[in-house]
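Protein chains in written order, with the numbering used here: chain B, 33 to 235; chain X, 33 to 235.
So, in structure tokens, the structure goes:
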């Protein structure tokens, strides 16, 4: 009975600061796993299949998608990028936890395909702070900011379907990552994940 | 929308060390709540009703039991001792977490009456360690030890119905309490307990 890793999904609206939090979290957890992504873009010189990416044809990627073999994916510059379910399972079976930082739509897809995944929604403390963060970037038009706020309102409703809701205060990324690390340690103590202790207990 | 406390139930077989762990945990959590127990024993000089205990007649206690108003109870020297549901709710409504250290039978009763309770089963690392701890006390007969081991086997099966399973290594009470404190912090971030953030988010 081996200890298995946990797939943790970190998601949240634009302005929640999930990129920074996940970067800190990866450094914080010593034994974190890394999954190799799949992509339909052509390999660059020096890139190896199965090391830098799993390079796939567009047809193969779309077939895998249809078969439900891809946990989450996105399109960037006309190419698919995604995480293969088989790759995630490989890393988890080795006992490593795996972090996926994805958009809220994708997070719920992962949860449906992978009910054991732990989904964390990251939020700014309130709507005003969210708007200030989006404006603070200084790169977005009013239209874009309005669209992002409207989307955040929809995403907030989804928070009930997550396993955890974590607030990322201003300058709070470190504390936020520490809390998510605690959530991960707690989740490792769910009865279903403690069978390596309880099953052989009296044997 | 106020932040509510969590009722956490710590249970486990004799030899799991739950008494020590709970003692450390109470010191570790600065804002922990205290509930006044109910009892049918007579007040001693200086003891005040509602301060040291809620003093109840045997009839009243048994009626409360029948009405499901008592979260957990035990009998000691012919008197009832228990925790009133109303008292637990009072402490939780003030935003304090409440720890109940109880036997496994009682833990499942609490969980049924109070589904939001977080139940933690404390275990020694394995059966051999459990037996060594029971023998190490030097106060129990072989018969008592055999009975306790048999009971522990039954209790282990119940672990699946708990929310968390935590292993108390030898000399591990501090680490164990720290882990349970993490579990509590994590549980405060369940979506249903974050409505004080998510409900007023855009208002």
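Even glycine gets a Cβ: it sits at the ideal position worked out from N, Cα and C. All figures in this text were calculated on a predicted structure; none of them were measured in a lab.
Asked: Listed by chain order, chain B residues near residue 185 (chain X) by CB distance under 9 Å; Found: 233, 234
Asked: Exposed unless 16 or more other CB atoms sit within 10 angstroms - verdict on residue 36 (chain B); Found: buried
Asked: CA-to-CA distance, residue 94 (chain X) to residue 119 (chain X), given in whole angstroms; Found: 17 Å
Asked: Contacts around residue 211 (chain B), its chain only, beta-carbon distance under 8 Å, and the 5 residues preceding and following it disregarded; Found: 198
Asked: Chain B within 8 Å of residue 159 (chain X), Cβ atoms only; Found: yes
Asked: Residues of the segment 200–215 of chain X whose Cβ lies closer than 8 Å to any Cβ of chain B, in chain order; Found: 211, 214, 215
Asked: Entirely enclosed alpha helix (DSSP H) segments - the segment 158–205 of chain B, minimum 4 residues; Found: 159–168, 174–190
Asked: CA-to-CA distance, residue 79 (chain B) to residue 112 (chain B), given in whole angstroms; Found: 17 Å
Asked: Environment of residue 66 (chain B) [buried if 16+ CB atoms lie within 10 Å]; Found: exposed
Asked: Residues near residue 142 (chain X) in its chain [Cβ-Cβ closer than 8 Å; skip 5 each side]; Found: 39, 41, 103, 104, 132, 134, 149, 151
Asked: Nearest candidate by alpha-carbon position, reference residue 206 (chain B), set B:123, B:43, B:54; Found: B:54
Asked: 8 Å Cβ shell around residue 124 (chain B) - same chain, five flanking residues per side excluded; Found: 36, 37, 38, 39, 65, 130
Asked: Cβ-based neighbour list, residue 230 (chain B), same chain, cut-off 8 Å, excluding 5 preceding and 5 following; Found: 223
Asked: For residue 201 (chain B) and residue 218 (chain X), believed in contact at Cβ under 8 Å, the rounded distance; Found: That pair is no contact at about 18 Å.
Asked: Validate contact between the segment 173–191 of chain X and the segment 160–180 of chain B using beta carbons, cut 8 Å, 3 pairs; Found: no
Asked: Chain-ordered neighbours of residue 192 (chain B) on chain X, where CB pairs are closer than 7 Å; Found: 223
Asked: Beta-ladder partner(s) of residue 111 (chain X), from DSSP; Found: X:108
Asked: Cα-Cα separation, residue 172 (chain X) to residue 233 (chain B); Found: 22 Å
Asked: Cutoff 8 Å: residue 217 (chain X) Cβ touching any chain B Cβ; Found: yes
Asked: Any C-beta of chain X under 8 Å from that of residue 41 (chain B); Found: no
Asked: Cα-Cα separation between residue 45 (chain X) and residue 73 (chain B), rounded to whole angstroms; Found: 57 Å
Asked: Residues near residue 56 (chain B) by beta carbon distance below 7 Å, same chain, minus five either side; Found: 205, 206, 209
Asked: Assumed close pair residue 71 (chain B), residue 85 (chain B) - CB separation to whole angstroms, cut-off 8 Å; Found: 5 Å
Asked: Residue from X:139, X:196, X:81, X:96 with nearest C-alpha to residue 225 (chain B); Found: X:196
Asked: Within 8 Å, strictly: CB atoms of residue 139 (chain X) and residue 43 (chain X); Found: yes
Asked: Proximity to residue 69 (chain X) [Cα-Cα], best of X:220, X:116, X:221; Found: X:116
Asked: C-alpha gap between residue 178 (chain X) and residue 157 (chain X), whole angstroms; Found: 18 Å
Asked: Per DSSP, cross-strand counterpart(s) of residue 81 (chain B); Found: B:85
Asked: C-beta neighbour in chain X for residue 155 (chain B), strict 8 Å; Found: yes
Asked: Beta-carbon gap between residue 227 (chain X) and residue 127 (chain X) smaller than 8 Å; Found: no
Asked: N-terminal and C-terminal residue of the beta strand (DSSP E) that residue 153 (chain X) is part of; Found: 150–155
Asked: Reference residue 308 (chain X); option with closest CA among X:235, X:203, X:220, X:75; Found: The structure shown does not extend to residue 308 (chain X), since chain X is modelled only from 33 to 235, so the question has no answer here.
Asked: Where residue 221 (chain B) falls, given that 16 or more other Cβ within 10 Å makes a residue buried; Found: buried
Asked: For residue 123 (chain B), the first and last residue of its enclosing alpha helix (DSSP H); Found: 117–125
Asked: Residue 98 (chain X), buried or exposed, once every other Cβ within 10 Å from all chains shown has been counted against 16; Found: exposed
Asked: Span of the beta strand (DSSP E) around residue 41 (chain X); Found: 39–43
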